[in-house]
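First to last, the sequence lines map onto chains C and H. Residue numbers for the first sequence follow this note's numbering, so the first one is 1 and each next one is one higher. Residue numbers for the second sequence follow this note's numbering, so the first one is 1001 and each next one is one higher.
Number of protein chains: 2
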Amino acid sequence: MPEASSPAGLEDHLGYWLRLVSNAVSQSFARRVEAEGVTVAEWVVLRALYGVEPMAPSQLAERMGMTKGAISKLADRLVAKDLVERREAGGDGRRQSLALRPQGHALVPRLAALADQNDAGSFEGLAPEERRELERLLRKLAAAHHLTAAPTA
Amino acid sequence: MPEASSPAGLEDHLGYWLRLVSNAVSQSFARRVEAEGVTVAEWVVLRALYGVEPMAPSQLAERMGMTKGAISKLADRLVAKDLVERREAGGDGRRQSLALRPQGHALVPRLAALADQNDAGSFEGLAPEERRELERLLRKLAAAHHLTAAPTA
DNA sequence: CAAAATTAGTTTCCTAGTCAACTTGATATC
DNA sequence: GATATCAAGTTGACTAGGAAACTAATTTTG
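Written out as structure tokens, the structure reads:
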């Protein structure tokens, strides 16, 4: 606990530790997936599109907590890499839907393996029950903040 | 648990939940400090310089896990805002040191209060003992990854 | 002590986001 | 049915950071 008279320090905030560890884990994962030519955000999109019906950009934006502008550019990059395909959706000329192309579909399991490895490496410092507890706490916070996030399932 | 045959989903990774919650907490904090005209990274620098001897940019870079290039620009912005001062350090013409200017010093307690509020709001979904446990786990991970981070003390 | 290597910080180019203005298509209202 | 409004996506200006080339000052080495 800090002295009564001094302002709270960085280390006194849970948010600080969260950001510190999260950034390290994400950077580690970014380095891994870079070898497959994609970014973390691109992995999230690819996985979200895997094994489900084609999805609207706006839906992705909501799930990923990104703006529609960001998704638009992200989709551009994935299309340029031939991993994802844009289609006109339904009768509505505005709506489109994004779907995996074969190359993108094939990539998902490899990226998932990298994610598995990264998780294993990043959290090996915790005992199994600690990992479970961490997950429980994080999920609880996500729920409390209505971070509905990726159903992928 | 995912089916044996399907690749792991986003939700199956602890890193995913960590990033999700961390981003939400950081964005929330970013919105708060914006009212004081600074960014989260700037708060970290200001707090790190508060109540200690002037510090070299390279030292800050290491503590914050940022490149020296990033710190150089960050320092530029803080100097432009008159919150921080650059000095030539010691006899070595290369080294410099960064120190708070009065305005910067005065700002720290106000930003610390915002950080307190943000932490309170972000983690109110957890019981006190859960918060302590989360902090313990995060610190343990930080230590395991040699994220020595900010001593501020 | 001159030349080479090293170190601290800066700068340039690039990437990936946000925000807000814009375009275009659909819907609602009069 | 013309017009106003709304919704989906795109675009452009801007921001923050990383990587690597660069500058300048010090230190090491021959």
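C-beta: ideal position from N, C-alpha, C; glycine also.
What are the residues of the segment 1091-1123 of chain H that lie near chain C, defined by any Cβ-Cβ distance shorter than 7 Å?
Contacts with chain C (Cβ-Cβ distance below 7 Å) from the segment 1091-1123 of chain H involve Val1108, Pro1109, Ala1112, Ala1115, Asp1116, Asn1118, Asp1119, Ser1122, Phe1123, listed in chain order.
From Trp43/C, Leu74/C, Asn23/C, residue whose alpha carbon lies closest to that of Glu998/H:
Outside the displayed span of chain H (1001 to 1153) sits residue 998/H, for which this structure offers no information.
Quick one: measure Cβ to Cβ for Leu1114/H and Arg1032/H, integer angstroms, because I've assumed they're closer than 8 Å.
Confirmed, about 5 Å.
For Glu1042/H, three-class secondary structure by DSSP
Glu1042/H: helix per DSSP, three-state reduction.
The segment 55-69 of chain C touching the segment 124-139 of chain C, judged by at least three CB pairs closer than 8 Å:
Cβ pair count under 8 Å is below three, so no.
In its own chain, which residues sit with a C-beta less than 6 Å from the C-beta of Val25/C, not counting the 5 before and 5 after it?
Closer than 6 Å at the Cβ level, and outside the excluded window around Val25/C, lie Ser122.
Taking C-beta to C-beta, are Pro1007/H and Pro109/C nearer than 9 Å?
At the C-beta level, Pro1007/H and Pro109/C come within 9 Å of one another.
If the cut-off is 7 Å on Cβ atoms, which residues from the segment 124-147 of chain C count as contacting chain H, listed in chain order?
When C-beta distances to chain H are compared with 7 Å, the residues of the segment 124-147 of chain C below that value are Gly125, Leu126, Glu130, Arg131, Glu133, Leu134, Glu135, Leu137, Leu138, Arg139, Lys140, Leu141, Ala142, Ala144, His145, Leu147, in chain order.
Would Leu1060/H and Leu1083/H be called neighbours here (beta carbons separated by less than 9 Å)?
Taking 9 Å as the Cβ cut-off, Leu1060/H and Leu1083/H do not qualify as a contacting pair.
Are His13/C and Asp1116/H close, meaning C-beta to C-beta below 9 Å?
Yes. Within cutoff.
C-alpha gap between Leu1107/H and Glu53/C, whole angstroms:
Cα to Cα, the separation comes out at about 51 Å.
Just verifying my parser: in three-state terms, what is the DSSP assignment at Glu62/C?
DSSP places Glu62/C in helix when its eight states are reduced to three.
I'd like to check one pair, Arg95/C with Glu85/C: are the Cβ atoms closer than 9 Å?
In this structure, the beta-carbon distance from Glu85/C to Arg95/C does not fall below 9 Å.
With DSSP as the reference, label Glu85/C as helix, strand or coil.
Reduced to three states, the DSSP call for Glu85/C is strand.
Exposed or buried, Ala80/C, counting other C-beta atoms within 10 Å across all chains shown (16 or more means buried)?
Counting C-beta atoms within 10 angstroms of its own C-beta, Ala80/C has fewer than 16 neighbours from the protein chains shown and is therefore classed as exposed.
Counting only Cβ-Cβ distances shorter than 7 Å, please list the residues of the segment 13-34 of chain C near chain H, keeping chain order.
Listed by position along the chain: His13, Leu14, Gly15, Trp17, Leu18, Arg19, Leu20, Val21, Ser22, Asn23, Ala24, Val25, Ser26, Phe29.
Indicate the three-state DSSP secondary structure (helix, strand or coil) for Ala8/C in the structure shown.
Ala8/C: coil per DSSP, three-state reduction.
DSSP state of Leu18/C mapped onto helix, strand, coil
In this structure, Leu18/C counts as helix in the three-state DSSP scheme.
Leu74/C to Gly1093/H span [Cα, whole Å]
Going from the Cα of Leu74/C to the Cα of Gly1093/H covers about 45 Å.
Output, in chain order, the set of chain H residues within a Cβ distance shorter than 9 Å of Leu60/C.
Going along chain H, no residue has its Cβ under 9 Å from Leu60/C, so there is no contact; the nearest lies around 12 Å.
Cut-off 6 Å between Cβ atoms - residues of its own chain near Gly104/C, not counting five sequence neighbours on either side
For Gly104/C, where only same-chain residues beyond five positions count, the Cβ hits under 6 Å are Leu46, Leu83, Val84.
Taking CB distances under 9 Å as the criterion, tell me whether Gly170/C reaches chain H.
This structure does not reach residue 170/C, given that chain C is present from 1 up to 153, and the question cannot be answered.
Do the CB positions of Glu1133/H and Glu133/C come within less than 9 Å of each other?
Yes. Within cutoff.
Give me the DSSP bridge partner(s) of Ala1115/H.
The bridge partners DSSP lists for Ala1115/H come to none.
What does Gly1054/H reach in chain C if we use C-beta pairs closer than 7 Å?
Checking the displayed sequence, the identity of residue 1054/H turns out to be Pro instead of Gly. What Pro1054/H touches in chain C: nothing, since even the nearest Cβ is about 18 Å away.
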